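Reviewing the structure listed below.
In this note's numbering, the protein residues as written are 167 to 602.
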């Protein structure tokens, strides 16, 4: 009789564990993502929930070197259903029609972010600016919350931007925001009014001055399309060269103003008295439009709406800049400014990446999220390690067999050639039995 000592129960148990673990592994790996480039589903709600809100979505913002902290991002919120993409998110009629319940938080789900509503159409859409606290040199995630009937809007340009004024308080703030000289510059009807004059022209400038890496935004219009000398757009002037006895010192500027020709604007950059200027044609500026001066140390970009008017890479001002508004040079040539703000800006701005699925308070959800394989750092080693450990134990069990005798008469044979060949192991002869 020939016999082999082995622990049959141990082998059967460990073999079953290995088979079950290996059979479950594909399903487990299919249900979660192991890389940002794949399906990116996560099944865990680890972030806190903003109390009182019913819905939220996770949003990934792709970072860009130099953005740093407190960078302002533009987001359009659509009331109706649709496919989320880029800066636009759809809320499937789950928010208030006036968008008063919209909130933004950090990726912890509870730290609220400052925001300002640029414009909105009830029951249709709203445009938000959100100040992202985290460092956008690398990609970051934020939440948008909605679904709270009792919420009131907390829109605040003052908190969101470096500098802001919407001229809604009925009095020009010359204590903290503006300085002005001469002429007829006043706040009236929720707007800044610059009344043209052939006499002494009035101007105002912001008391704050900023370094390069800033965007100056203004929503403005003119009374007619051929006014001369109106700086109702987004002109800026150097910090150290302001004079209170004359109009302006032009040595360091990002200048943009109207000329006495239909829909013509002159743009110029000026540094140490040297300038690079060009006159360009723009769309009709008698209707309100957003104007932007995007200023870095390498270039200045002038925009009317989404259209780039001009890009200058020469004579870029090297001193801090202030906002500048100046009256036109003819009586009756009036200009109006609805709001202004200054924000952070880099040439290659952070961009909007993916939007997560709608999450409901108290319910687990499947949410796309390249950086959110939440809980898997602990779970996956267990999932992957269990079958491997079990398989190793089984192999060891085969090599170091003991305690159970299998009679050759009841089983034809048991052979493990591969193990013997690889290990060089030969079982010892059993002193209690003889080979036949």
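Cβ coordinates follow ideal geometry from the N, Cα and C atoms, glycine included. Quick caveat, the model's predicted, so the values are computed rather than measured.
Which residues does DSSP list as the beta-bridge partners of residue 420?
BP columns for residue 420 point to 402, 435.
Whether residue 319 touches residue 241 by CB criterion (9 Å):
No. Outside cutoff.
Under three-state DSSP, which class holds residue 226?
In this structure, residue 226 counts as strand in the three-state DSSP scheme.
I'd like the list of long-range same chain contacts for residue 261, defined as Cβ closer than 7 Å, with 5 residues on each side in sequence excluded.
The beta carbon of residue 261 sits closer than 7 Å to the beta carbons of 245, 267, 268, 312, 313 from its chain, once the five residues preceding and following it are set aside; these are given in chain order.
Mind checking residue 472: buried by the 16 CB within 10 Å criterion, or exposed?
So residue 472 counts as exposed.
Would you tell me roughly how many angstroms separate the C-alpha atoms of residue 505 and residue 286, rounded to the nearest one?
Each residue's alpha carbon lies about 15 Å from the other.
Beta-carbon within less than 8 Å of residue 329's beta-carbon, same chain only, minus the 5 sequence neighbours each way: which residues are those?
Contacts found: 343, 372, 374, 376, 489, 506, 507, 508.
Using the Cβ count rule (16 or more neighbours within 10 Å means buried), how would you classify residue 454?
That one is exposed.
What's the C-alpha gap between residue 236 and residue 518?
Rounded to the nearest angstrom, the two C-alpha atoms are 16 Å apart.
Rounded to the nearest angstrom, what separates residue 464 and residue 479 at their Cα positions?
Approximately 6 Å, taken between the alpha carbons.
Nearest-angstrom Cβ-Cβ length linking residue 276 and residue 224, presumed shorter than 8 Å:
A Cβ-Cβ separation of about 14 Å leaves residue 276 out of contact with residue 224 under the 8 Å criterion.
Label residue 334 either buried or exposed according to how many other C-beta atoms from any shown protein chain fall within 10 Å of its C-beta, with 16 as the threshold for buried.
Under this definition residue 334 is an exposed residue.
Can we say the region 493–502 touches the region 390–397, given the rule of at least three CB pairs closer than 8 Å?
Yes, they touch.
Which whole-angstrom value describes the C-beta separation of residue 404 and residue 419, a residue pair presumed to lie in contact below a C-beta threshold of 8 Å?
Separation of the CB atoms of residue 404 and residue 419 is rounded to 7 Å, and the pair is thereby assigned contact status at 8 Å.
Rounded separation between residue 421 and residue 281 - CA only:
Taking the straight line joining both Cα atoms gives about 29 Å.
Would DSSP call residue 324 helix, strand or coil?
Helix at residue 324.
Cβ shell of residue 247 (< 6 Å), same chain only, five flanking positions each side left out
Hits under 6 Å: 256, 258.
Under the rule that 16 or more other beta-carbon atoms within 10 Å means buried, what is residue 310, buried or exposed?
Classification for residue 310: buried.
Simplified DSSP assignment, three categories, for residue 345:
The three-state secondary structure of residue 345, taken from DSSP, is strand.
Using CA coordinates, which residue listed in 347, 442, 356, 348 is at the minimum distance from residue 336?
Among 347, 442, 356, 348, the Cα nearest to that of residue 336 is on 356.
Looking only at its own chain, which residues have a Cβ that is under 6 Å from the Cβ of residue 358, when we skip the five neighbours before and after it?
Answer for residue 358: 333, 503, listed in chain order.
Checking 9 Å against the spacing of the C-beta atoms, do residue 434 and residue 448 come in under that value?
No, they are not a contact pair.
Look at the Cβ atom of residue 370, then the Cβ atom of residue 345, and state whether they are nearer than 9 Å.
Yes.
When we look at the beta-carbon of residue 233 and count the other beta-carbons within 10 Å, is it buried (16 or more) or exposed?
Residue 233 counts as buried, since no fewer than 16 other beta carbons sit within 10 angstroms of its beta carbon.
7 Å Cβ shell around residue 436 - same chain, five flanking residues per side excluded:
416, 417, 418, 419, 421, 481, 483, listed in sequence order.
Confirm, please, whether the CB-CB distance from residue 456 to residue 384 is below 9 Å.
Yes; because the gap between Cβ atoms is below 9 Å, this pair is in contact.
To the nearest angstrom, how far is it from the Cα of residue 475 to the Cα of residue 213?
One Cα belongs to residue 475, the other to residue 213, and the distance between them is close to 44 Å.
Helix, strand or coil for residue 367, going by three-state DSSP, please let me know.
The answer is coil: DSSP assigns residue 367 none of H, G, I, E or B.
Comparing C-alpha positions only, which one of 264, 249, 514 sits nearest to residue 521?
Nearest neighbour of residue 521 by Cα position, chosen from 264, 249, 514, turns out to be 249.
With distance defined between alpha-carbon atoms, name the residue in 524, 515, 294, 512 nearest to residue 322.
Checking every option, the nearest Cα to that of residue 322 belongs to 294.
Let me know the secondary structure DSSP gives residue 571 once reduced to three states.
With a pLDDT of 43 at residue 571, under the threshold of 50, the predicted position of this residue should be treated as unreliable, though the coordinate-derived value follows. Residue 571 falls in the strand class under three-state DSSP.
Tell me which residue opens and which closes the beta strand (DSSP E) that residue 331 is part of.
Boundaries of the beta strand (DSSP E) around residue 331: 329–331.
Express the C-alpha separation of residue 317 and residue 527 in angstroms, rounding to a whole number.
Whole-angstrom Cα-Cα distance: 16 Å.
Taking only three categories from DSSP, how would you classify residue 454?
When DSSP states are grouped into helix, strand and coil, residue 454 belongs to the coil group.
Based on the DSSP output, what are the partners of residue 505 in its beta bridges?
In the DSSP output, where bridge partners are listed per residue, residue 505 has 385.
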